[in-house]
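Read the structure below first, then the notes.
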Amino acid sequence: MAQVTENPRTSAKTEVATFDCYGTLVDWEGGVGSFLYDLALRNNDPDPPPGVELRERWERIQFEIIQGPYRPYKQVLAESLGALCAERGWDCGAAESEAFVRSMRSWQPFPDTHPALTRAREQGIRLVIISNTDRDIIEHTLRHLRVPFDDVVTAEDCGAYKPSPAVFERALDHVGVPPERILHVAFGFEYDNGPAKRAGMRTAWVNRHVRPQPLGEEPDHTWRDLWGLPEAVGADPVPLR
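Right, here's the structure in full:
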């Protein structure tokens with residue numbers, strides 16, 4: 001079991017587990033980094049940074065954009081990619097933005113995602129996704145996950161992006177159970193942990209790369225991966241393979 005830390009404030013029985021999707025269930029960091037590094041090579045960048053550095057810079061740009069007025073995620077991708085390309089001196093237009101969206105639709109789940117979700121579902125836990133994306137993008141991702149979800153709440157549904165509290169308010173309306181009976185699982189600490197805690201949910205931070213914990217509310221659980229999920233919601237642990 002790859003559990004790192006536990007907060008004792010976990011006495012309420014979990015009925016629903018909600019999830020950030022990209023980065024938590026799906027390898028978002030690898031997908032973005034590979035796409036951006038390939039784009040650098042296609043543009044003959046004389047000194048391309050590693051994909052992880054390109055992804056980190058792109059994410060900072062994206063985070064700034066989603067703090068502003070809502071626009072569809074495909075537009076956010078286009079604007080953030082365009083800004084990064086301008087910084088690097090790359091050619092970037094509609095074709096590159098569309099390729100970014102197509103790439104996102106193809107990203108695959110982490111190896112631990114399917115068994116952990118399946119074990120939780122077998123225990124009767126309702127599974128819900130709360131994602132900063134458009135519905136037509138996540139529909140492709142749901143096929144890769146191969147686990148039925150009881151509900152999906154997207155930024156498109158809310159007209160807002162996490163960390164806006166409006167997203168979690170909308171999710172609570174959809175779920176229809178007290179927030180203390182919900183465990184929200186996410187890797188994006190700044191996007192998810194604080195607003196979920198303030199909405200009254202319990203939280204699990206998935207820290208796959210063992211990064212320092214950012215400032216903010218303390219999560220109830222910290223895991224290296226999703227192997228800690230079944231135990232946290234009262235299911236039997238997933239056997240290590």
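Just so it is clear: in the sequence shown, position 64 is 64 by the numbering used here, and no numbers are missing.
For glycine and all other residues, C-beta sits at the position ideal for the given N, C-alpha and C.
Just so we're clear, the structure is a prediction, and the values are computed from it rather than from any experiment.
Name the residue from the options whose alpha carbon lies nearest to the alpha carbon of residue i.
| i | options | result |
| --- | --- | --- |
| T203 | V185, E190, Y191 and R211 | V185 |
| E56 | G30, D38 and Y70 | G30 |
| E183 | G234, E190 and E139 | According to the sequence displayed, residue 183 carries Leu and not Glu. Nearest of G234, E190 and E139 to L183, Cα basis: G234. |
| S131 | W28, T14 and K13 | W28 |
| S97 | Q108, W107, P109 and L84 | L84 |
| A199 | F110, V177, R42 and E231 | V177 |
| Y70 | A94, R121 and V167 | V167 |
| F189 | H221, A160, P179 and V175 | H221 |
Helix or strand or just coil, what does DSSP make of residue i?
| i | result |
| --- | --- |
| D236 | With a pLDDT of 49 at D236, under the threshold of 50, the modelled position of that residue is not reliable, and the figure given next carries that caveat. Looking at D236 - three-state DSSP - the assignment turns out to be coil, as it is neither helix nor strand. |
| D151 | strand |
| D186 | The question names Asp, but residue 186 is Ala in the sequence shown. Strand, per DSSP. |
| S106 | helix |
| Y37 | helix |
| M1 | Bear in mind that the predicted position of M1 carries a pLDDT of just 43, short of 50, making it too unreliable to give a figure here. |
| A17 | strand |
| V76 | helix |
| V52 | helix |
| R146 | coil |
| I65 | helix |
| I125 | coil |
| Y70 | coil |
| H209 | coil |
| T141 | helix |
| R241 | Note that R241 has pLDDT 43, beneath the 50 cutoff, so the model's placement of it is unreliable and no number is given. |
| T133 | coil |
| R119 | helix |
Could you round the C-beta distance between residue i and residue j to whole angstroms and report it? I think they count as a contact, below 8 Å.
| i | j | result |
| --- | --- | --- |
| L145 | L25 | 6 Å |
| D136 | K162 | Actually they are not in contact, since the Cβ atoms of D136 and K162 sit about 19 Å apart, beyond 8 Å. |
| I129 | F19 | 5 Å |
| E217 | K197 | 4 Å |
| E15 | R181 | 4 Å |
Under 8 Å: does the beta carbon of residue i sit that close to some heavy atom of the ligand MG?
| i | result |
| --- | --- |
| P72 | In terms of ligand content, the structure shown is empty, and the ligand MG therefore cannot be addressed. |
### Message
Does the structure place the segment 110-120 close enough to the segment 150-168 that three or more beta carbon pairs sit under 8 Å?
### Response
no
Q. Taking only runs of the alpha helix (DSSP H) that begin and end inside the segment 158-184, which ones reach a length of at least 4 residues, in chain order?
A. 165-175
Do the segment 35-52 and the segment 77-95 make contact, defined as three or more Cβ pairs closer than 8 Å? Judged by Cβ distances under 8 Å, the segment 35-52 makes contact with the segment 77-95, as three or more pairs qualify.
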